[in-house]
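Numbering (the numbering used here), first residue to last: 73 to 293.
Listed below in structure tokens is the structure:
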């Protein structure tokens with residue numbers, strides 16, 4: 073399943089900050105966790121890499137042996153390739169459900185990627201991330217999640233809409249965005265996400281971070 077781009081690569085980084093509260097903190101949390109878990113130079117696969125936000129933080133703060141950018145969008149990969157042409161990196165046009173790697177990486181990240189997939193596709197994606205990791209490698213993912221109740225969903229979506237209005241989006245843009253819930257992306261609850269990660273074979277699965285309607289999770293192979 074190919075994900076339709078909401079924004080063009082050229083304006084993606086700015087638009088996403090208007091959309092996701094604490095977006096920069098997602099990456100801060102990933103870096104802190106990798107520093108704690110990984111004590112040596114690492115091989116890193118970033119799934120749904122976009123324009124390369126994760127790599128920009130990783131190369132600044134982590135000793136990287138190899139970094140692989142993976143995205144189903146040729147436009148995003150082209151932008152990332154230009155940004156990181158002087159780095160030790162590889163670029164793969166591929167959907168996460170079709171990852172070809174086995175036992176190759178110390179770190180696999182998927183930031184705001186898998187919630188675009190239906191349940192069985194999501195499980196396949198996480199299983200592929202699991203296979204791509206070496207033993208004791210770490211998988212880190214951030215996703216939009218589903219509240220536990222209908223009222224919780226109503227409140228959280230309204231709060232999210234107000235945030236976007238405050239960031240300068242139009243009323244129409246904000247309304248269109250919240251209407252995407254369950255139609256263009258398919259969130260599951262935090263509990264379901266942890267259960268799904270465990271079911272893919274990981275020895276541990278934990279919550280890294282949670283706020284509004286976004287959550288970060290990590291798991292070790």
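Built from N, CA and C at the ideal position, the CB exists for glycine as well.
### Query
Cβ of residue 268 within 9 Å of Cβ of residue 184?
Within the chain shown, residue 268 is the residue found at index 196, counting from 1. Within the chain shown, residue 184 is the residue found at index 112, counting from 1. It is not a contact, given that the beta carbons lie outside the stated cut-off.
### Message
So for residue 278, helix, strand or coil by DSSP?
### Response
Residue mapping note: residue 278 aligns to position 206 of the chain shown, counting from 1. The answer is strand: DSSP assigns residue 278 an E or B state.
### Query
With DSSP run on the structure shown, which of helix, strand or coil describes residue 154?
On the chain shown, position 82 is the one that residue 154 refers to. Here residue 154 sits in helix by DSSP.
### Task
For residue 121, I'd like the list of residues in its chain whose CB is within less than 8 Å of its CB, leaving aside the five on either flank, ordered along the chain.
As a working note, residue 121 is residue 49 in the chain shown. Closer than 8 Å at Cβ, skipping near neighbours: 127, 141, 142, 143, 148, 149, 152.
### Query
What residues in its chain sit with their C-beta under 6 Å from that of residue 133, if we drop five residues either side in the sequence?
Indexing the chain shown from 1 puts residue 133 at position 61. Correct list, in chain order: 103.
### Inter-stretch contact at 8 Å, needing at least 3 Cβ pairs: the segment 109-124 / the segment 241-256
no
#### Entry: Bridge-paired residues (DSSP) for residue 288
For the purposes of this step, residue 288 is taken as the residue at position 216 of the chain shown. Beta-bridge pairing links residue 288 to 214, 281.
### Message
Between 220, 199, 123, which has its C-alpha nearest residue 85's C-alpha?
### Response
Along the chain shown, one-based indexing puts residue 85 at 13. Of the candidates 220, 199, 123, the one whose C-alpha sits nearest the C-alpha of residue 85 is 123.
### Local conformation of residue 94 per DSSP, three classes
Walking along the chain shown from the start, residue 94 turns up at place 22. Coil, per DSSP.
### Task
Would you mind listing the beta strand (DSSP E) stretches within the segment 146-206 that are 3+ residues and don't spill past its ends, in chain order?
161-165, 177-183
### Query
Contact check, residue 201 vs residue 182 under 8 Å by CB: the rounded distance?
Locating residue 201 in the chain shown gives position 129, where the first residue counts as 1. Locating residue 182 in the chain shown gives position 110, where the first residue counts as 1. Yes, residue 201 and residue 182 are in contact; Cβ-Cβ is about 6 Å, under 8 Å.
### Task
Taking 8 Å as the threshold, find out whether the segment 222-230 comes into contact with the segment 188-206 through three or more Cβ pairs.
no
### Message
Can you find the residues in the same chain that come closer than 8 Å, C-beta to C-beta, to residue 273, ignoring five residues on each side of it along the sequence?
### Response
Locating residue 273 in the chain shown gives position 201, counting from the first residue. Excluding sequence neighbours, residue 273 sits near 199, 202, 293.
### Query
For the segment 278-293 against the segment 209-217, are there 3 or more C-beta pairs whose distance is under 8 Å?
yes
### Task
Give the straight-line distance between the Cα atoms of residue 235 and residue 245, rounded to the nearest whole angstrom.
Your numbering for residue 235 matches position 163 in the chain shown. Your numbering for residue 245 matches position 173 in the chain shown. Approximately 12 Å, taken between the alpha carbons.
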